[in-house]
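J.: Residue numbers (the working numbering): 628 to 1570. The beta carbon of each residue, even a glycine, is placed where N, CA and C say it ideally should be. I'd like to ask some things about the structure below.
Pasting the structure below:
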């Protein structure tokens, strides 16, 4: 099948990873490295009295951490490729020429990769061959360095020999947070700088005007077009509405920013700052001229808006939903068309895997009597242009293509990449203590978006991962006697409103008054650099904001001109979640599943939160879920009129009435929990499509359910369950057996089809894994069967559904939910080579339809039978026909190659790449579908 070019979100970022070929000659590289090697960080720090042995203090800190550590050596974690995400110019040049790696740049990549073939033989004793020991503190013989940042006496940063993770211990709250900021800049300064510019819509002037950079800044600025005043207002609001904790959060942020800036000053004067600043023209390698701008608190809000948009803002897509509903009604008539649409939407599919097994949590369900719908007139919808006055490379064909992709991604309801969690109650473990294996699936980058740290200070005690630039607190990790993690939930906190225009295209009716839209602009221009040779160009990004959010589309409704806006409950509230994370790091606050849930309730982004201590497990779904007016359907645009607004909505602050905590899916001490971005609970509708009978969450649920039924689960068995699911092909495990039932309902006489069936059946018998024959072989076992299914799936889906639906409706539905998502396809936060796979696809539709044709029981069936018009023999004929076509496709046709892989290289096409966001490159690893940062925890005691 044709392979799409990698072009989603962060995959499109152009950074110094592709430095010109002149660096490849050893003589030039060695000369430059010799001339330009700056002082090492350690030497420079010594010259500025920033290094101290502080042996007695270190010993005390280790002892204190150990006393407060209730994990008993049974907490582990991993975050590839490595802790060190900064590299000097010399280190970048050596990496580009010879592949040499800075210390701790990729020492977690090998253990992470090795689990794919090592998990069958895993034991409790060998878990840390594939994970890090995540105990608090550092043993004295494992201390690699001890630093007093900026010579401060109230904070110490100890780094361990194995991984280089910073262990920050402070005697004052300010000093502790100062150290966290300093350590973050030590490990991720360039990345943090990139993302503050992405959040501000200013990436191209900073990093270069490549079409990929243009697309990235456009994608995020379109939905979060904030001014400096907007960013500051969000800080002021978070402080003003949260009392003592709000004031403490501001003090923490200011200390954290001061630590970042102290490192900027030290690395600038010591000339060990990241080399990307030279390659992008911000610093001169010889004279040291140029500046690295200091950070400010508003930069962190801009950065948070990017992370929130990527992973924590469910919803959107209402206009696309309206278009597919209209196509269904055009095909079948209003009543039957609506029935068909709802059957494909699967809002509350009874066969969907659930995270919370009991109870009902109604949210965003279909209203019995819809009110206020503002469906567009056919053919009238047009996207609102973002880019204006383009010059040079800001307006060429490549730029236009990048803009189109950015727009489609920004307006989709699908949130990709995400995360998984497996949590088992102590009632079903060998030790009697709960066990959790969980983590965020945030893609693969070099350096990684996340960074590890341990932070110990007044009111702070945690180890784990945080997004770079937001690591004043651990965001996912462990405390003294508890651990927590999250997956993206995707419930709908974004609505689309049709504002009726008046006077001209830039005025609208707001509660009966003709009101001017607010014009927000960002003017960008760029010139070529060493890192990005894109010729000079410029453009202006322009967003029209209304009380109901930014304008995204123009259309007519009943002949009236309207603008469709996007209103998000977290818009203008990007800083609010800081309070929840502060609570999660506070050992005096979190001491039970109930207090954990209370902390999670203070996070306004849409996440599933999981908890485990030595006695209990818990779950809570976070997010500011607006209470909609009676009759308003969250799936479609509504009229921008008071009767259809969110309840108690205040447009000045963008606050409203939200569903109470008890209405969010939540649970304590359920037998087990799994999540892989699947449906949270009965009657709880998520914004994205695809929560049906077959979901990748089934891969976890099936395995954990068996462990629980057998009893005696261990850390080893739960890691094995995760790792086994990480290699499974969802289509092959849960849908292919039924497809083969249809094909084999009569003897297969065609030799080509019979051979293909034989290979597919052998793969099913072998377990349907996409795994190497042996570790490092770079060749899949059952390679032919995998190639055949990869080629067959899109062919069979189209042949199965398009004749019955018709081309227009089939195309509209594929716009709501893509047909397939193989490891080699371009999807997820990093495009192709992203690891995360099988999140969105038509597997449930095929599963339900094929079972219906076979005469099997189907709960929540599709409105019609589609395969062969419901005839088993006709369905069999089309499956065999498409199977023969798929079997005839060569590996080069199925895996056409890209800038990393040659055509036909199946293993490489699937492989995971650490996408370069800086100058250091890493080798690709074999495919796994698992969290990027991952914890394995089993606490043995409790405070």
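1) Applying the criterion that 16 or more other CB atoms from any shown protein chain within 10 Å of the CB defines a buried residue, is residue 782 buried or exposed?
2) Drop a sphere of 10 angstroms on the beta-carbon of residue 1347, count the other beta-carbons inside from all chains shown, and report buried for 16 or more, exposed for fewer.
3) Skipping 5 residues on each side, what residues in its chain have a beta carbon closer than 8 Å to that of residue 1393?
4) Here's a check: name, in chain order, each residue in its chain whose Cβ is nearer than 7 Å to the Cβ of residue 1449, leaving out the five neighbours to either side.
5) According to DSSP, simplified to helix, strand and coil, what is residue 1078?
6) Please go through the same chain and pick out, in chain order, the residues whose beta-carbon is closer than 6 Å to the beta-carbon of residue 885, but skip the five residues on each side of it.
7) For the region 1179-1224, which segments carrying the alpha helix (DSSP H) assignment without a break, of at least 4 residues, lie completely within its bounds, in sequence order?
8) Bridge partners for residue 1015 per DSSP, in chain order?
9) Rounded to whole angstroms, what is the Cα-Cα separation between residue 740 and residue 933?
10) Contact between the region 733-748 and the region 1544-1555 is defined here as three or more beta-carbon pairs at a separation below 8 Å; is this criterion met?
11) Thinking residue 935 and residue 1232 are a contact (beta carbons under 8 Å), I'd like their distance in whole angstroms, please.
12) Can a CB atom of chain B be found closer than 8 Å to the CB of residue 1198?
13) With residue 1502 and residue 1369 assumed to form a contact (beta carbons below 8 Å), what rounded beta-carbon distance in angstroms separates them?
14) Spatial neighbours of residue 1530 within its chain, please: C-beta separation below 7 Å, excluding the five flanking residues on both sides.
15) Counting pairs of beta carbons, one from the region 941-953 and one from the region 869-886, are three or more of them closer than 8 Å?
16) Should the region 1436-1443 be regarded as contacting the region 951-969, the criterion being three or more beta carbon pairs within less than 8 Å?
17) Relative to the C-alpha of residue 707, which candidate in 802, 1081, 1562 has its C-alpha closest?
18) What three-state label does DSSP hand residue 1392 in the structure shown?
19) Evaluate the contact criterion for the region 1119-1128 versus the region 1186-1193: three or more CB pairs, one atom per stretch, below 8 Å.
20) Alpha helix (DSSP H) containing residue 725: first to last residue?
21) DSSP on residue 1317, reduced to helix/strand/coil?
22) Helix, strand or coil for residue 1516 per DSSP?
23) Go ahead and label residue 1431 buried or exposed: buried means 16 or more other beta carbons lie within 10 angstroms of its beta carbon, across all protein chains shown.
24) Can you give me the C-alpha to C-alpha distance between residue 1405 and residue 1535, rounded to a whole angstrom?
25) So, at 7 Å on beta carbons, what are the nonlocal neighbours of residue 962 in its own chain, with the 5 sequence-adjacent residues on each side left out?
26) Is it the case that the Cβ atoms of residue 1062 and residue 1340 are separated by a distance below 8 Å?
27) In the region 1050-1131, which residue ranges form an unbroken beta strand (DSSP E) of at least 3 residues, counting only runs that do not cross its ends?
28) Please report the Cβ distance between residue 1310 and residue 988, rounded to the nearest whole angstrom; I am assuming they are in contact, meaning their Cβ atoms lie under 8 Å.
29) Just the C-alpha distance for residue 1567 and residue 762, rounded to the nearest angstrom, thanks.
30) So for residue 903, helix, strand or coil by DSSP?
31) Beta-carbon within less than 6 Å of residue 1557's beta-carbon, same chain only, minus the 5 sequence neighbours each way: which residues are those?
32) Going by DSSP in three states, residue 1134 sits in which element: helix, strand or coil?
33) Any contact of the region 989-1008 with the region 1158-1173, i.e. 3+ C-beta pairs under 8 Å?
34) Return helix, strand or coil for residue 1281, following the three-state DSSP convention.
35) So which of 772, 1219, 1385 has the shortest CA-CA distance to residue 1411?
36) My parser needs the beta strand (DSSP E) runs of 3 or more residues fully inside the region 1531-1555; what are they?
T.: Working from what's here:
1) Position 155 of the chain shown holds residue 782. Taking every protein chain shown into account, the CB of residue 782 has 16 or more other CB atoms within 10 angstroms, so this residue is buried.
2) If you number the chain shown from 1, residue 1347 lands on position 720. With 16 or more Cβ atoms within 10 Å of its Cβ, residue 1347 is classed as buried.
3) Within the chain shown, residue 1393 is the residue found at index 766, counting from 1. For residue 1393, where only same-chain residues beyond five positions count, the Cβ hits under 8 Å are 1408, 1409.
4) Looking up residue 1449 in the chain shown gives position 822. These residues qualify, in order along the chain: 1417, 1464.
5) Translated into positions along the chain shown, residue 1078 becomes position 451. Residue state, collapsed to three classes: strand.
6) Stepping through the chain shown from its first residue, residue 885 is reached at position 258. 805, listed in sequence order.
7) 1205-1211
8) Numbered from 1 along the chain shown, position 388 holds the residue referred to as residue 1015. Listed as beta-bridge partners of residue 1015 by DSSP are 1167.
9) Position 113 of the chain shown, counted from the start, is the residue given in the question as residue 740. Position 306 of the chain shown, counted from the start, is the residue given in the question as residue 933. Straight-line Cα distance between these residues: approximately 28 Å.
10) Yes: at least three Cβ pairs fall under 8 Å.
11) For the purposes of this step, residue 935 is taken as residue 308 along the chain shown, with counting starting at 1. For the purposes of this step, residue 1232 is taken as residue 605 along the chain shown, with counting starting at 1. Confirmed, about 5 Å.
12) The structure shown contains no chain B, having only a single protein chain.
13) As a position in the chain shown, residue 1502 is number 875, starting the count at 1. As a position in the chain shown, residue 1369 is number 742, starting the count at 1. Contact holds; Cβ gap of about 6 Å.
14) As a first step, residue 1530 is located in the chain shown; it is residue number 903 there, counting from the start. Result list for residue 1530: 1519, 1522, 1523, 1524, in chain order.
15) no
16) yes
17) Along the chain shown, one-based indexing puts residue 707 at 80. Closest option to residue 707, Cα to Cα, is 1562.
18) Residue 1392 sits at position 765 when you count from the first residue of the chain shown. Helix, per DSSP.
19) yes
20) For the purposes of this step, residue 725 is taken as residue 98 along the chain shown, with counting starting at 1. For residue 725, the uninterrupted alpha helix (DSSP H) segment begins and ends at 716-725.
21) Taking the chain shown and counting its residues from 1, one reaches residue 1317 at position 690. Residue 1317: coil per DSSP, three-state reduction.
22) Numbered from its first residue, the chain shown carries residue 1516 at position 889. Note: residue 1516 maps to coil in three-state DSSP.
23) Walking along the chain shown from the start, residue 1431 turns up at place 804. The residue is buried, with at least 16 neighbouring Cβ atoms inside 10 Å.
24) Your numbering for residue 1405 matches position 778 in the chain shown. Your numbering for residue 1535 matches position 908 in the chain shown. So the alpha carbons of these two residues sit roughly 7 Å apart.
25) Walking along the chain shown from the start, residue 962 turns up at place 335. Excluding positions up to five away in sequence, the list is empty.
26) The count along the chain shown starts at 1 and reaches residue 1062 at position 435. The count along the chain shown starts at 1 and reaches residue 1340 at position 713. The answer is yes: Cβ separation under 8 Å.
27) 1062-1067, 1077-1084, 1087-1094, 1103-1105, 1109-1115, 1121-1129
28) To locate residue 1310, count along the chain shown from 1; it is residue 683. To locate residue 988, count along the chain shown from 1; it is residue 361. The pair is a contact, with the Cβ atoms about 6 Å apart (cut-off 8 Å).
29) Here residue 1567 is taken as the residue at index 940 of the chain shown, counted from 1. Here residue 762 is taken as the residue at index 135 of the chain shown, counted from 1. Rounded to the nearest angstrom, the two C-alpha atoms are 13 Å apart.
30) Here residue 903 corresponds to residue number 276 of the chain shown, with the count starting at 1. In the structure shown, residue 903 sits in a helix (DSSP, three-state: H, G or I).
31) On the chain shown, residue 1557 is found 930 positions in, with the first residue counted as 1. So the qualifying residues of the chain are 1353.
32) By 1-based counting over the chain shown, the position of residue 1134 is 507. In the structure shown, residue 1134 sits in a strand (DSSP, three-state: E or B).
33) no
34) Along the chain shown, read from residue 1 onward, the residue named residue 1281 stands at position 654. Three-state result, residue 1281: coil.
35) Locating residue 1411 in the chain shown gives position 784, counting from the first residue. Measuring from the Cα of residue 1411, the nearest candidate turns out to be 1385.
36) none
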